[in-house]
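Chemist:
Number of protein chains: 2
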Amino acid sequence: MIDPIEGGVTAPAGFKAASVHCGLKSDGASHDLAVLYSEYPTHSAAVFTTNDVKAAPVMWSTERVRADNLRAAVVNAGNANACTGARGLAATEQSARALADQLGLGADQIYVASTGIIGVPLPVEKIVAGVEAAVPNLSHSAAAGQEFARAIMTTDTMPKSVAFRFMVGKTEVHLGGAAKGSGMIAPNMATMLGFLTTDAVISRRALEAALRGSVENSFNRITVDGHTSTNDSVLLMANGAARNEPIEEGTQAFAAFCKVLNLVCLSLAKMIVRDGEGATKVIRVDVTGAGERQQATLAARAIANSPLVKAAANGGDPNWGRVISAAGYSGASLILDKARLWIGDLLVFENGMPAAVSTAEAAARMKGTDICFRLDLAMGSESDTFWTCDLSKEYVAINADYHT
Amino acid sequence: MIDPIEGGVTAPAGFKAASVHCGLKSDGASHDLAVLYSEYPTHSAAVFTTNDVKAAPVMWSTERVRADNLRAAVVNAGNANACTGARGLAATEQSARALADQLGLGADQIYVASTGIIGVPLPVEKIVAGVEAAVPNLSHSAAAGQEFARAIMTTDTMPKSVAFRFMVGKTEVHLGGAAKGSGMIAPNMATMLGFLTTDAVISRRALEAALRGSVENSFNRITVDGHTSTNDSVLLMANGAARNEPIEEGTQAFAAFCKVLNLVCLSLAKMIVRDGEGATKVIRVDVTGAGERQQATLAARAIANSPLVKAAANGGDPNWGRVISAAGYSGASLILDKARLWIGDLLVFENGMPAAVSTAEAAARMKGTDICFRLDLAMGSESDTFWTCDLSKEYVAINADYHT
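Chains as they are written, first to last, in numbering that gives the first Met the number 0: chain G, 0 to 403; chain S, 0 to 403.
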């Protein structure tokens, strides 16, 4: 039994959330500060951006997760607090201290995440005031979970939230999550933030293994624009409130937990792609028949990152030569006479030349909101899948004057 | 003395060109087939796409250049003859044979290049008829050189042609070139074709060394969309008609030849970027202070390929955080506290944080048609430079329905 439920991050027992408008987003209404709190001690695991340029909150939170004593998180949208030097680090610490003081915790129990523009000092007094306004409203309600997902949005057009309940032995356990991300989305993470909560009892080691595996096949397999951000992070907190038998690696319970975690991460990742800046379509890129998985990964990533492939998808144009040629420069081993390419269920290329199908048949497979390219390398049995969105004029419009 | 002269590929003695409309471009008027002919035997050197998916003419011409017995080239726009299998190879050979028959040469003396859509069979009967119509019009005139540059265009909006005269000892020598390219432009090469001619007497070995060096710092340093094409090639033919003292590697004359060749290649490369699909601005990315050149190359390429950097340039938006963060994920060694970034002459980032300049000052450096980002890594003395263009709504419009 894996059932979808309401609430996102507040679906698991013992997790509360609240959000307010603290003044970082320029419109006077949208929430831009969110707090997440666990009533119980937690184990935590997290993954962070691979960008050498790391935002202040990423540096702070990396240390906090390592110490594994987290109880709460403070998240702001509208300012990334990246490339802001010592002043930025001090602002992160002040944000953590403000939330810790309100909750009677230590600052080192607070995870901090920021998203928004790079290189602008964070107006920390707004964060402090926002935290003070938010904490009294902390709630376990499903509405509070939904609001959390909405408050962390930047150029996102819709909140991204999901939760499931499932059984560990005879105990019902819950796992929920929220994410934001729309531009600067590239494999290995994205300008994306993810917050995952569970009331499962699970060892820290198992938690880390589960998160690593799930992120690799979800958030690390999506791309909007190939630009890896400075602020990416995904946090998974487990507070044990469900009182199930402890989950350890290698057990059936662990497999069940991973299955749901995969579902949560992949659901959120696909929501990010669907809400890619200016996106009108989701493009799934399957590469099969690779000799090694790395070969499939290289080819799928190059196809998903090609602006020409993405622009063709936007126009519903079955210009599959762009797909093949992207695989060709990807670094993956490719023997043209062996490779076969499908658009949806339609074989368009084999034996080194076009298959006998009409442009109209191919164009029909490019018209909907979901497009799938499948490239069979016919050199082995390994495969990989990436998801991306189309490249539209709106992407350019959004990014040509995000700053000013 | 290095003087610009008229004519492009026909500027050097003994080179003739002609072009016609053979019916590959859908409008009834534009020339889409061009022929280049040397009255004298030549030495040749060429570089080809690194894409594993190579078009039929690339496979054919690679062999012809290796044999070093070229006398002429036939070039078509409107169809890439890529992903077309054995039928595509036969079409290339037929094109070569048609031109050879007209000129009284062997088919193995003909270089073939194609550009246009991938995966559509080449209507070779149109090429054959076009060749027969073009050859009687072969001319050494400057106008014929200009027409050649125009006939090889696909989505280009302007022809790209340049030529210089210079002295080798006491002999006047000429070097000219034409190129096409607008989309699918990425380092290493592009959907670009380049044709370079010289009447210099130069050994084949020296010719190859000169071309390799010049291409590396020009055509391999430009990017429009990061998509390396299936058809890229640059050909350099030397027919010795100038009767100068033979040029050998390591001599003063070789240095002079390379200097002019660099000038020709870089001029053509910058024309390609300026004419990038939908481009309104040229962006120069200088990375200095690298410990090894490879580090500078990685950072400059990542910045030049970032759609977010390119979209910001389109909007004249001084969102320099995107530049720093692109360097951060590039794989280049970067110590944020050491790095400094300039937009034009304005220092915007140092000591890990924003410099004390106003957004208005920075925005002023983003307004013109030429933008320069300079990133100093402060870790050594190596550097590299890439050129790219901005990302505009027009890029998407052009590529959303190029096919249909």
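Beta carbons: idealized from backbone N, C-alpha and C, even for Gly.
Quick check on DSSP: helix, strand or coil for S/Met188?
Modeler: Residue placement at S/Met188 cannot be trusted, given a pLDDT of 40 that sits under 50; the coordinates are not used to answer.
Chemist: Strictly below 7 Å CB to CB, what residues from chain G border S/Arg86?
Modeler: The contacting residues are Met352.
Chemist: With 16 as the cutoff for other CB atoms within 10 Å, does S/Leu87 come out buried or exposed?
Modeler: This sequence places Gly at residue 87 of chain S; Leu is not what is there. So S/Gly87 ends up on the buried side.
Chemist: Under 8 Å, do G/Ile323 and G/Met378 count as touching if we go by C-beta distance?
Modeler: No. Outside cutoff.
Chemist: Any beta carbon from chain G within less than 8 Å of S/Tyr328's own beta carbon?
Modeler: It does: the Cβ of S/Tyr328 has a partner Cβ on chain G nearer than 8 Å.
Chemist: Between the region 144–163 of chain S and the region 240–252 of chain S, can you find at least three pairs of beta-carbon atoms closer than 8 Å?
Modeler: Output reads no: the region 144–163 of chain S does not touch the region 240–252 of chain S.
Chemist: To which residues of the same chain is G/Gly330 closer than 7 Å at the C-beta, ignoring the five residues directly before and after it?
Modeler: The residues are Leu297.
Chemist: Roughly how many angstroms lie between the CA atoms of G/Ala189 and S/Ala299, to the nearest whole one?
Modeler: Note that G/Ala189 has pLDDT 44, beneath the 50 cutoff, so the model's placement of it is unreliable and the number below is only indicative. Taking the straight line joining both Cα atoms gives about 21 Å.
Chemist: Could you tell me how far apart the beta carbons of G/Thr387 and G/Val272 are, in whole angstroms, since I believe they sit closer than 8 Å?
Modeler: Between G/Val272 and G/Thr387 the Cβ distance is about 6 Å, and since that is below 8 Å, they are a contact.
Chemist: Taking G/Met352 as the reference, which of S/Thr287, S/Ala399 and S/Ala85 has the closest Cα?
Modeler: Checking every option, the nearest Cα to that of G/Met352 belongs to S/Ala85.
Chemist: Using 7 Å as the cut-off, classify the Cβ of S/Arg364 as near or not near the heavy atoms of the ligand ZN, replying yes or no.
Modeler: Ligands displayed in this structure: none; no statement on the ligand ZN is therefore possible.
Chemist: With DSSP as the reference, identify every bridge partner of S/Asn197, one or two as the case may be.
Modeler: In the sequence under discussion, the amino acid at residue 197 of chain S is Thr, which differs from the Asn named in the question. Paired residue(s): S/Leu174 and S/Ala237.
Chemist: Work out the CA separation of G/Arg321 and G/Asp336 for me, nearest whole Å.
Modeler: Cα to Cα, G/Asp336 sits roughly 17 Å from G/Arg321.
Chemist: Whose Cβ in chain G lies nearer than 8 Å to the Cβ of S/Cys388?
Modeler: Simply none; closest approach about 12 Å.
Chemist: Assuming contact is defined by CB atoms lying nearer than 8 Å, are G/Ala199 and G/Val172 in contact in what I supplied?
Modeler: Their beta carbons are under 8 Å apart, which means G/Ala199 touches G/Val172 by this criterion.
Chemist: With a cut-off of 8 Å on the beta carbons, I'd call G/Phe165 and G/Gly7 a contact; round off their distance for me.
Modeler: Contact doesn't hold; Cβ gap of about 16 Å is too wide.
Chemist: So what does G/Ala33 bridge to, in DSSP terms?
Modeler: Note: G/Ala33 sits in a beta bridge opposite G/Ser18 and G/Val74.
Chemist: Could you give the DSSP three-state label for S/Arg373: helix, strand or coil?
Modeler: The answer is strand: DSSP assigns S/Arg373 an E or B state.
Chemist: Just to make sure I have the definition right: I need the residues of chain G whose C-beta is within less than 8 Å of the C-beta of S/Asn50. Which are they?
Modeler: Chain G residues near S/Asn50: Ser324, Gly327 and Tyr328.
Chemist: Taking 8 Å as the threshold, find out whether the region 258–277 of chain G comes into contact with the region 134–145 of chain G through three or more Cβ pairs.
Modeler: Taking 8 Å as the limit for Cβ pairs, the verdict is that the region 134–145 of chain G does not touch the region 258–277 of chain G.
Chemist: Can you confirm whether S/Asn313, when its beta carbon is compared against all beta carbons of chain G, has any partner nearer than 8 Å?
Modeler: For S/Asn313, the answer is yes, since a Cβ of chain G falls inside 8 Å of its Cβ.
Chemist: Under the three-state reduction of DSSP, which class applies to S/Trp386: helix, strand or coil?
Modeler: S/Trp386 falls in the strand class under three-state DSSP.
Chemist: Are S/Ala237 and S/His42 close, meaning C-beta to C-beta below 8 Å?
Modeler: Against a cut-off of 8 Å, the Cβ pair of S/His42 and S/Ala237 comes out as a contact.
Chemist: Just curious, the alpha helix (DSSP H) that G/Tyr39 is in, first and last residue?
Modeler: Counting along the chain, G/Tyr39 falls outside any alpha helix (DSSP H), and DSSP gives it neither H nor E.
Chemist: Between the region 279–292 of chain G and the region 367–382 of chain G, are three or more C-beta pairs nearer than 8 Å?
Modeler: Touching, per the Cβ criterion.
Chemist: Would you report the Cα separation of G/Ala326 and S/Phe14, rounded to the nearest angstrom?
Modeler: Approximately 38 Å, taken between the alpha carbons.
Chemist: Whole angstroms are fine: how far does the CA of S/Ser391 sit from the CA of G/Pro40?
Modeler: Going by the C-alpha atoms only, they are around 50 Å apart.
Chemist: I'd like the list of long-range same chain contacts for S/Ala44, defined as Cβ closer than 6 Å, with 5 residues on each side in sequence excluded.
Modeler: Excluding positions up to five away in sequence, the list reads Leu206, Glu207, Leu210 and Leu235.
Chemist: Just checking: is the beta-carbon of S/Trp319 within a distance shorter than 8 Å of some beta-carbon in chain G?
Modeler: Yes - at least one Cβ of chain G is within 8 Å of the one on S/Trp319.
Chemist: Tell me the rounded alpha-carbon separation between G/Gly168 and G/Ile1.
Modeler: Cα-Cα distance, rounded: 13 Å.
Chemist: Which residues, taken in chain order from the region 64–96 of chain G, show a beta carbon closer than 9 Å to some beta carbon of chain S?
Modeler: Answer set for the region 64–96 of chain G: Ala79, Ala81, Cys82, Thr83, Gly84, Ala85, Arg86 and Gly87.
Chemist: Would you call the region 98–111 of chain G and the region 53–67 of chain G touching, i.e. three or more CB-CB distances under 8 Å?
Modeler: Output reads yes: the region 53–67 of chain G touches the region 98–111 of chain G.
Chemist: Give me the chain G residues within the contact set of S/Ser391, using Cβ-Cβ distance strictly less than 7 Å, ordered along the chain.
Modeler: In chain order: Val395.
Chemist: By a C-beta neighbour count over all protein chains shown, 10 Å radius and 16 as the cutoff for buried, is S/Gln101 buried or exposed?
Modeler: Looking at its Cβ environment, which holds 16 or more other Cβ atoms inside 10 Å, S/Gln101 is buried.
Chemist: Are S/Gly175 and S/Leu267 touching if we call contact CB-CB under 8 Å?
Modeler: No, the Cβ-Cβ distance between S/Gly175 and S/Leu267 is not below 8 Å.
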